[in-house]
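In the numbering used here, the protein residues as written are 3 to 240.
Everything below concerns the one structure shown next.
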């Protein structure tokens with residue numbers, strides 16, 4: 003196998019439905035073994051270009067702010083950049099002690115941030131894109147489910163921060179789809195109607211069009227919506 007082939011394999015982006023690449027890494031919260039340490043949990047694994055940069059700072063403060071909401075959704079955060087553990091610690095201290103953004107201050111980042119100086123994890127997840135930078139990871143977001151499968155991924159350029167409402171919305175949408183075996187339409191928000199998957203036979207299609215279920219509205223055999231109360235959407239009410 004050529005060196006070029008090996009390099010291509012180590013920088014390939016994991017695809018939706020594939021098992022997330024495993025790794026052992028030093029982080030600001032100690033050494034983690036992925037995915038073993040996160041079995042049964044959803045994980046958002048995200049990369050940022052560098053410590054002590056303004057866009058990344060606003061993102062980390064926002065991730066820390068919504069962390070309790072993600073925890074309520076059985077989801078853990080793991081950050082990464084190609085920086086040392088000492089740089090991470092100094093930057094996170096600066097965020098807590100000196101910085102303020104949109105009313106957020108004294109923000110303590112207590113989710114693990116991977117020190118990836120050798121770029122081992124970044125390459126496994128295709129976070130390095132040479133057309134953007136060969137020394138900084140782009141803003142990748144991987145959604146990994148409790149079975150360690152990649153369920154979604156979003157990439158942002160170095161210059162633009164992420165939309166955290168969408169990060170949370172997509173997580174909730176995937177969990178809702180899993181629980182109720184449905185799909186979610188464009189711009190779906192908790193409480194909106196959901197999509198009944200298209201039927202797999204002519205008989206089922208006919209039954210669906212003739213159904214009198216008051217919670218299901220069929221506009222055509224392939225396009226049916228049904229109600230799903232907000233209270234049934236995660237985080238689930240006790």
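Cβ coordinates follow ideal geometry from the N, Cα and C atoms, glycine included.
For clarity, every value in this text was computed on a predicted model and none was experimentally measured.
Does the separation of the CB atoms of residue i and residue j fall below 8 Å?
i           : j           : result
residue 139 : residue 49  : yes
residue 227 : residue 180 : no
residue 156 : residue 124 : no
residue 1   : residue 127 : A question about residue 1 goes unanswered here, because the residues of the chain that appear run from 3 up to 240.
residue 183 : residue 172 : no
residue 22  : residue 37  : yes
residue 114 : residue 30  : yes
residue 25  : residue 110 : no
residue 192 : residue 75  : no
residue 1   : residue 199 : With the chain running from 3 to 240 in the structure shown, residue 1 is simply not present.
Can you give the beta carbon distance from residue i to residue j, rounded, assuming they're within the 8 Å contact cut?
i           : j           : result
residue 170 : residue 61  : Their Cβ separation, rounded to whole angstroms, is 14 Å, which puts residue 170 and residue 61 out of contact at 8 Å.
residue 235 : residue 197 : Contact flag wrong, Cβ pair sits at about 14 Å.
residue 116 : residue 79  : Their Cβ separation, rounded to whole angstroms, is 11 Å, which puts residue 116 and residue 79 out of contact at 8 Å.
Taking just the CA atoms, how far does residue j sit from residue i?
i           : j           : result
residue 99  : residue 112 : 14 Å
residue 162 : residue 59  : 12 Å
residue 233 : residue 53  : 39 Å
residue 286 : residue 64  : Because residue 286 is not part of the residues shown, which for the chain are 3 to 240, the question remains open.
residue 82  : residue 93  : 13 Å
residue 214 : residue 168 : 35 Å
residue 39  : residue 148 : 11 Å
residue 205 : residue 68  : 46 Å
residue 218 : residue 101 : 50 Å
residue 108 : residue 220 : 51 Å
residue 240 : residue 203 : Here the model assigns residue 240 a pLDDT of 39, short of 50, so the residue's position is not dependable, and the following value carries that caveat. One C-alpha to the other measures close to 38 Å.
residue 185 : residue 165 : 22 Å
residue 190 : residue 178 : 11 Å
residue 20  : residue 87  : 29 Å
residue 119 : residue 104 : 31 Å
residue 141 : residue 97  : 19 Å
residue 34  : residue 16  : 20 Å
Thinking C-alpha only, which one of the options is nearest residue i?
i           : options            : result
residue 224 : 210, 82, 183, 122  : 210
residue 14  : 217, 130, 220      : 130
residue 42  : 32, 17, 57, 77     : 77
residue 66  : 106, 87, 44        : 106
residue 146 : 176, 119, 160, 120 : 176
residue 57  : 216, 160, 212      : 160
Is it buried or exposed, residue i, if we count other Cβ atoms within 10 angstroms and call 16 or more buried?
i           : result
residue 95  : exposed
residue 51  : buried
residue 222 : exposed
residue 32  : exposed
residue 18  : exposed
residue 90  : buried
residue 230 : buried
Does at least one heavy atom of the ligand SAM sit under 7 Å from the Cβ of residue i?
i           : result
residue 204 : You won't find the ligand SAM in this model; it holds no ligand whatsoever.
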